[in-house]
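Q:
Residue numbers (my numbering): 3 to 61.
#1: Considering only the alpha carbon of each residue, which of 25, 45 and 31 lies closest to residue 13?
#2: Can you list, in chain order, the residues of its chain whose CB lies under 6 Å from that of residue 29, leaving out five sequence neighbours each side?
#3: In whole angstroms, give me the CA-to-CA distance for residue 19 and residue 33.
#4: Under a three-way DSSP split, which group does residue 28 fall into?
#5: If you follow the alpha helix (DSSP H) that residue 51 is in, where does it begin and where does it stop?
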């Protein structure tokens with residue numbers, strides 16, 4: 003987002019964050035959820051679903 007890659011080249015994580023922000027989530031909350039993803043080799047759609055599940059468990 004904004005061309006800033008704070009995740010050391012993890013394009014998948016950046017895409018997940020962008021998708022969550024597009025869905026209306028705050029950037030910092032989206033980034034927090036995306037950073038908790040364990041298997042970043044999954045397809046992007048699966049990573050987004052995992053991040054949404056992560057958001058559902060965050061309080």
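Cβ coordinates follow ideal geometry from the N, Cα and C atoms, glycine included.
A: Taking the structure as given:
#1: By one-based count along the chain shown, residue 13 stands at place 11. Among 25, 45 and 31, the Cα nearest to that of residue 13 is on 45.
#2: Within the chain shown, numbered from 1, the residue matching residue 29 stands at position 27. Excluding positions up to five away in sequence, the list reads 23.
#3: Counting from 1 along the chain shown, the entry for residue 19 is found at position 17. Counting from 1 along the chain shown, the entry for residue 33 is found at position 31. Roughly 6 Å separates the two Cα atoms.
#4: For the purposes of this step, residue 28 is taken as residue 26 along the chain shown, with counting starting at 1. Correct three-state label for residue 28: coil.
#5: Residue numbering aside, residue 51 sits at position 49 when the chain shown is read from its first letter. Residues 46-59.
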